[in-house]
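Taking it in order: structure first as structure tokens, then the write-up.
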Amino acid sequence: MRHIACSIDPETGDVEYFKAGHTSRYNQSGNFNTPSKPTKEYKARKRREKKQKYAGCHPRPLFHTPAEEIGGAQRYRIKAGVLREAGYQCEQCGSRFNLTLDHIIPRSKGGGWHRSNLQCLCKSCNEAKADLMPYDIAA
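Heads up: the sequence shown begins at 76 in this note's numbering, then just goes up one per residue.
Structure (structure tokens):
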């Protein structure tokens with residue numbers, strides 16, 4: 076084996092030889108960084124943590140389900156009922172101005188126009204939520 080260069084660790088005095096094309100770097104403490112692959116235990120622990128994080132969440136819809144179409148009068152009655160139940164204030168920030176209806180599960184992801192899927196949000200909170208699912212917001 077042909078040695079191209081060597082480096083001496085200032086703390087321990089160890090000599091490290093390099094092959095062509097390889098480099099060594101010091102970390103902030105002055106020790107050599109030795110990049111290592113994640114172990115199986117580390118990967119398994121990360122998978123368990125991710126599962127626990129999303130344990131209480133509902134699964135994402137796998138495909139778009141068409142929502143039932145409703146007319147203007149029925150939509151108005153639903154909106155009035157949701158606003159009344161929310162006390163005419165935003166359910167996230169408590170604002171009483173620029174109130175809108177928000178679909179908890181967005182219509183683009185299969186949510187419908189039923190009362191259990193609607194909430195009262197102000198315009199800025201509704202725009203911040205966009206088309207995210209409830210478990211995407213908490214993350």
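We put the CB at the ideal spot given by N, CA and C, even for glycine.
Open item on the list: Going by DSSP in three states, cysteine 200 sits in which element: helix, strand or coil?
Closed with: Translated into the one-based positions of the sequence shown, residue 200 becomes position 125. Looking at cysteine 200 - three-state DSSP - the assignment turns out to be helix.
TODO: State the CB to CB distance for the pair tyrosine 163 and leucine 174, rounded to an integer number of angstroms; the pair is presumed to be in contact (CB under 8 Å).
DONE: For the purposes of this step, residue 163 is taken as the residue at position 88 of the sequence shown. For the purposes of this step, residue 174 is taken as the residue at position 99 of the sequence shown. Between the beta-carbon of tyrosine 163 and that of leucine 174 there is about 7 Å, and that keeps the pair under the 8 Å contact cut.
Task: Limits of the unbroken alpha helix (DSSP H) element including leucine 158 - done: Start at 1 with the first residue of the sequence shown, and residue 158 comes out as number 83. Unbroken alpha helix (DSSP H) run through leucine 158: 147-160.
Task: Under 9 Å between C-beta atoms of leucine 193 and lysine 204 - done: Taking the first residue of the sequence shown as 1, we reach residue 193 at position 118. Taking the first residue of the sequence shown as 1, we reach residue 204 at position 129. The answer is no: Cβ separation not under 9 Å.
TODO: Please work out which residues of its chain come closer than 7 Å, Cβ to Cβ, to cysteine 200, disregarding the five sequence neighbours upstream and downstream, and give them in chain order.
DONE: Here residue 200 refers to the residue found at position 125 when the sequence shown is read from its first residue. Excluding residues up to 5 positions away in sequence, Cys165, Gln167, Cys168 lie with their Cβ nearer than 7 Å to the Cβ of cysteine 200 in the same chain.
TODO: Enumerate in chain order the residues of its own chain whose CB-to-CB distance from lysine 125 is below 6 Å, with the five nearest sequence positions on each side excluded.
DONE: Within the sequence shown, residue 125 is the residue found at index 50, counting from 1. Counting only Cβ-Cβ distances below 6 Å, and skipping sequence neighbours, we find nothing.
Task: Given tyrosine 151 as reference, the closest of Lys198, Lys112, His189, Thr87 once Cα atoms are compared - done: Counted from its first residue, the sequence shown places residue 151 at position 76. When only C-alpha atoms are compared, the closest one is His189.
Open item on the list: Quick check: what's the CA-CA separation for threonine 114 versus arginine 123?
Closed with: The sequence position of residue 114 within the sequence shown is 39, counting from 1. The sequence position of residue 123 within the sequence shown is 48, counting from 1. Answer to the nearest angstrom: the Cα atoms are 14 Å apart.
Task: Assumed close pair proline 181, aspartate 206 - CB separation to whole angstroms, cut-off 8 Å - done: Within the sequence shown, numbered from 1, the residue matching residue 181 stands at position 106. Within the sequence shown, numbered from 1, the residue matching residue 206 stands at position 131. Indeed, because the Cβ distance is near 4 Å, the residues count as touching under 8 Å.
TODO: Locate the beta strand (DSSP E) running through leucine 176, then write down its first and last residues.
DONE: Counting from 1 along the sequence shown, the entry for residue 176 is found at position 101. Residue range 174-178 is occupied by the beta strand (DSSP E) that includes leucine 176.
Open item on the list: Please report the straight-line C-alpha distance between proline 209 and lysine 118, rounded to a whole angstrom.
Closed with: If you number the sequence shown from 1, residue 209 lands on position 134. If you number the sequence shown from 1, residue 118 lands on position 43. Whole-angstrom Cα-Cα distance: 27 Å.
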